[in-house]
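Student: Pasting a structure below so you can have a look.
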């Protein structure tokens, strides 16, 4: 049992550092914060692609890196320590893995390279107005018509649908048997006739969420991934892939580092916040749980290395990871004090008197979503109870 | 990176698990705790014969040359069985101090008898005023013509009732709270001027308060450097804390397994109570609490293997997390067992009591959180 870095690991770390230093430029940082987020993140993802590092979790034969768990850990740590955003998950972490796991040769040949090159922007058509945690009760319908399916219905909470070229959709193709049967996983071109995207402004005052309506949308049957009526298996596999990337321990670690730095600057009556025993206790409780989660993640990575695909344990990472994200976001808000309430403003931080209040607010507010999406944490507990603890 | 155990480690683990299953059933354990001695000498001999007592010691000292991972494996299994025989006091603490601080002659005189099971050892460091600060030591050893004269009192000495040899922490110079000026002495438990007051603890241990009134010690009773004991005490306590946390993991995992099993068989309202979502989610919480504590133990062990001091902040963190998560786990275990959970007959409450004693040993969560904060948040 050990986690010591080998000479190869250290050399790899140097390589990663050199790449980030060279490619993650100040100019790019500015653009990522600006109005053209999509263009900027695609630019960044193409730099990763050119280096061969766009899909660390994919098998090598489909364009993965072949990294060991230690190398993945090094890469993620170095990335988040620099505040570099993760890749957009819908193609790379969600639909990509199920296409190489369940897709036809044609689907693999067509979609996988385009995902790797960020040529298609994907979004997720899972939840519906009447199907949230009870995802299998979804009603969006696909009816066979020759070589096509005709889709009618609506999906909701669709992140970045306004940018998307493609959407992967769970549709009902049969109402016989259990509700988990008769679901089909299908890929839909967002340019298809009959698709309408309605924006939803979220609690952080931003527009990332949408409702997507389908009115007689015609989709080739060859776009079905896996078997018709057997999409629930595909849907669950995708969620397991999604969950492992939701924990984002490295990001929470970075946030704690930022909180520590800020808490040295914040002064109450001549005493720095970081020296307040009450604050220290709260910070320590979060940090300690996060230290543990980092090793829980490493244990999962090591197990995945042996076993292949993530199992129900990924639910644990999702629950703990999101709880800690929220705890960290909350603490950062408190460090910001009055400035936690600042809405987007064109005022310069110098004039405003503060640098991170607005960002803390936005992260905290949108962060409420993390315990809800990817299957709410309560649903994760149902999954663990059933599949890990064997409780019926 | 790997979290695997070697073949030897798996063999030791299986061998202790077999012992617990075949020879250390609950009725046997109850009888041991109820007996005057509070341990079984024949079991201790079995431990010696199976080589468990030799594992942490170097091959030069007649041991197996085991690592911290071996100690972790052993302690986790002993924790699963709530084994009360004094592995930690005798092997990890007494043996560890002699192995690290002892001269070649002292090691040759003492360690073979630890390994063959004939020496029962203890480390006496707690005083009635000291709480968790090990260097808060009022017991004094004054230099004399033939060696030292020891005066003072130690309390809650683990294995204090049964030990025949002690390592005593005593002040040879400086003031009560100084880290410098402390020394270690090997003291025969039957020495003249030494008196034991033994009493049982809730977790089945037989401990003692030990008073020293002009106990005359030969010069070669001094273990290590006069005045410089804290360096080696820190080393041994660091290792012993990891060992104790591994024992806690064993207790916590067993509590979770027993509780899960119970809720699958116990029927109320015409169905197994494990089918209720309110209970299921609580068992998921305790499962996560266990996995998190185990992960942090692995982190501490991995850091320790790189260099022991590197693990210090993580060990503080581990004490905090195990304290918090053990409370959750034993609390839920008692609650989910219902009325049976609060009986003395059932083992559940006894695992809880052992975890409570583990939590307070070498410092509780409040103490360790403050130590963690000193390391993590100092300017």
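Residue numbers (our numbering), protein chains in the order written: chain A, 1 to 392; chain B, 1 to 379. Every residue, glycine too, gets a C-beta built ideally from N, C-alpha and C. Just so it is clear, the structure is predicted and the values come from calculations on it, not from any experiment.
(1) Determine contact between the stretch 9 to 28 of chain A and the stretch 40 to 54 of chain A, defined as no fewer than three beta-carbon pairs at a distance below 8 Å.
(2) How would you call residue 371 of chain A, buried or exposed, if buried means at least 16 neighbouring beta carbons within 10 angstroms?
(3) Bridge partners of residue 131 of chain A, per DSSP?
(4) Check for me: the beta strand (DSSP E) holding residue 212 of chain B runs from which residue to which?
(5) Extract the residue ranges of the beta strand (DSSP E) inside the stretch 293 to 334 of chain B, only unbroken runs of 3 or more that lie entirely within it.
(6) Closer than 9 Å, Cβ to any Cβ of chain B: which residues of the stretch 241 to 270 of chain A, in chain order?
(7) Buried or exposed, going by whether 16 or more other CB atoms sit within 10 Å of the CB of residue 69 of chain A?
(8) Helix, strand or coil for residue 251 of chain B, going by three-state DSSP, please let me know.
(9) Decide if residue 131 of chain B is buried, meaning its Cβ has at least 16 other Cβ atoms within 10 Å, or exposed.
(10) Starting from residue 260 of chain B, find everything on chain A with Cβ-Cβ shorter than 9 Å and list it in chain order.
(11) Taking three-plus beta-carbon pairs below 8 Å as touching, is the stretch 295 to 307 of chain A in contact with the stretch 296 to 314 of chain B?
(12) Could you name the residues that DSSP lists as bridge partners for residue 127 of chain B?
(13) With C-beta atoms as the reference, is residue 354 of chain B less than 8 Å away from residue 82 of chain B?
(14) Can you tell me which of the three DSSP states residue 87 of chain A falls into?
(15) If we call anything under 8 Å between Cβ atoms a contact, is residue 249 of chain A one with residue 367 of chain A?
(16) Are the CB atoms of residue 330 of chain B and residue 222 of chain B nearer to each other than 8 Å?
(17) Sorted by chain position, which residues of the same chain lie with C-beta nearer than 6 Å to residue 91 of chain A's C-beta, five sequence neighbours on each side aside?
(18) In the structure shown, what three-state DSSP assignment does residue 384 of chain A receive?
(19) Going along the chain, which residues of its own chain have a beta-carbon closer than 6 Å to the beta-carbon of residue 303 of chain B, five neighbours each way excluded?
(20) Rounding to the nearest angstrom, what Cα-Cα distance links residue 41 of chain A and residue 357 of chain A in this structure?
(21) According to DSSP, simplified to helix, strand and coil, what is residue 373 of chain A?
(22) Tell me whether the stretch 137 to 155 of chain A and the stretch 207 to 220 of chain A touch, counting them as touching only if at least three CB pairs, one residue from each stretch, are closer than 8 Å.
(23) Please confirm whether residue 245 of chain B has its beta-carbon closer than 8 Å to some beta-carbon of chain A.
(24) So what does residue 150 of chain A bridge to, in DSSP terms?
(25) Below 8 Å, how does it come out for the stretch 36 to 45 of chain B and the stretch 59 to 77 of chain B: are there three or more Cβ pairs, yes or no?
(26) Who are the near neighbours of residue 305 of chain B in its chain, counting only those whose CB is closer than 8 Å to its CB and skipping five residues on each side?
(27) Would you call residue 72 of chain A buried or exposed, if buried means 16 or more other Cβ atoms sit within 10 Å of its Cβ?
(28) From residue 322 of chain B to residue 283 of chain B, what does the alpha carbon distance come to, in whole angstroms?
(29) List the residues of chain B that residue 316 of chain A touches, going by C-beta distances under 7 Å, in chain order.
(30) Does the stretch 160 to 177 of chain B come close enough to the stretch 125 to 142 of chain B to have 3 or more Cβ pairs within less than 8 Å?
(31) Under 8 Å, CB to CB, which of the residues in the stretch 356 to 374 of chain B have a partner in chain A?
(32) Count the other C-beta atoms from every protein chain shown that fall within 10 angstroms of the C-beta of residue 80 of chain A, then say buried if there are 16 or more, exposed otherwise.
(33) Tell me, which residues are paired with residue 212 of chain A by DSSP?
(34) May I ask you to report which of helix, strand or coil DSSP gives residue 43 of chain A?
(35) Under the assumption that residue 184 of chain B contacts residue 289 of chain B (Cβ atoms under 8 Å), give the Cβ distance between them as a whole number of angstroms.
Tutor: In brief:
(1) With a cut-off of 8 Å, the stretch 40 to 54 of chain A and the stretch 9 to 28 of chain A count as touching, because enough Cβ pairs lie within range.
(2) To locate residue 371 of chain A, count along the first chain from 1; it is residue 371. Buried, because 16 or more other Cβ atoms sit within 10 Å of the Cβ of residue 371 of chain A.
(3) Taking the first chain and counting its residues from 1, the one referred to as residue 131 of chain A is at position 131. Per DSSP, the beta-bridge partners of residue 131 of chain A are A:128.
(4) On the second chain, position 212 is the one that residue 212 of chain B refers to. 206 to 218 is the span of the beta strand (DSSP E), which, as asked, contains residue 212 of chain B.
(5) none
(6) 260, 263 and 264
(7) The count along the first chain starts at 1 and reaches residue 69 of chain A at position 69. Buried, by the Cβ-count rule.
(8) Taking the first residue of the second chain as 1, we reach residue 251 of chain B at position 251. Three-state DSSP puts residue 251 of chain B in a helix.
(9) In the second chain, residue 131 of chain B corresponds to position 131, counting from 1. Answer is exposed; the Cβ neighbour count stays below 16.
(10) Counting from 1 along the second chain, the entry for residue 260 of chain B is found at position 260. Near residue 260 of chain B (Cβ distances below 9 Å), the residues of chain A are 389, 390 and 391.
(11) yes
(12) Residue mapping note: residue 127 of chain B aligns to position 127 of the second chain, counting from 1. Answer is none; residue 127 of chain B lacks a bridge partner.
(13) Mapped onto the second chain, residue 354 of chain B falls at position 354. Mapped onto the second chain, residue 82 of chain B falls at position 82. Yes, the pair counts as a contact, with Cβ atoms nearer than the cut-off.
(14) Along the first chain, one-based indexing puts residue 87 of chain A at 87. Of the three classes helix, strand and coil, the one that applies to residue 87 of chain A here is coil, per DSSP.
(15) As a working note, residue 249 of chain A is residue 249 in the first chain. As a working note, residue 367 of chain A is residue 367 in the first chain. It is not a contact, given that the beta carbons lie outside the stated cut-off.
(16) Here residue 330 of chain B corresponds to residue number 330 of the second chain, with the count starting at 1. Here residue 222 of chain B corresponds to residue number 222 of the second chain, with the count starting at 1. It is not a contact, given that the beta carbons lie outside the stated cut-off.
(17) On the first chain, residue 91 of chain A is found 91 positions in, with the first residue counted as 1. Same-chain partners within the cutoff: 115 and 122.
(18) Along the first chain, one-based indexing puts residue 384 of chain A at 384. Correct three-state label for residue 384 of chain A: helix.
(19) In the second chain, counting from the first residue as 1, residue 303 of chain B sits at position 303. Hits under 6 Å: 310, 311 and 314.
(20) Counting from one through the first chain, the residue named residue 41 of chain A turns up at place 41. Counting from one through the first chain, the residue named residue 357 of chain A turns up at place 357. So the alpha carbons of these two residues sit roughly 24 Å apart.
(21) Residue mapping note: residue 373 of chain A aligns to position 373 of the first chain, counting from 1. DSSP, read as helix, strand or coil, puts residue 373 of chain A in coil.
(22) yes
(23) Here the question's residue 245 of chain B lines up with position 245 in the second chain. False, the Cβ-Cβ gap to chain A never drops below 8 Å.
(24) Residue 150 of chain A sits at position 150 when you count from the first residue of the first chain. As DSSP reads the structure, residue 150 of chain A sits in a beta bridge with A:143 and A:218.
(25) In short, these stretches do not touch, since the Cβ pair count stays below three.
(26) Here residue 305 of chain B refers to the residue found at position 305 when the second chain is read from its first residue. Closer than 8 Å at Cβ, skipping near neighbours: 67, 68 and 69.
(27) The residue given as residue 72 of chain A occupies position 72 in the first chain. With 16 or more other Cβ atoms within 10 Å, it is buried.
(28) By one-based count along the second chain, residue 322 of chain B stands at place 322. By one-based count along the second chain, residue 283 of chain B stands at place 283. Those two C-alpha atoms are separated by around 17 Å.
(29) For this step, residue 316 of chain A is matched to residue 316 along the first chain. Result: 288 and 291.
(30) Yes, the stretch 160 to 177 of chain B touches the stretch 125 to 142 of chain B.
(31) Answer set for the stretch 356 to 374 of chain B: 369, 370, 372 and 373.
(32) Position 80 of the first chain, counted from the start, is the residue given in the question as residue 80 of chain A. Burial call: buried.
(33) Against the first chain, residue 212 of chain A aligns to sequence position 212. Its beta-bridge partners are A:155 and A:197.
(34) If you number the first chain from 1, residue 43 of chain A lands on position 43. Reduced to three states, the DSSP call for residue 43 of chain A is helix.
(35) For the purposes of this step, residue 184 of chain B is taken as the residue at position 184 of the second chain. For the purposes of this step, residue 289 of chain B is taken as the residue at position 289 of the second chain. No, residue 184 of chain B and residue 289 of chain B are not in contact; Cβ-Cβ is about 37 Å, not under 8 Å.
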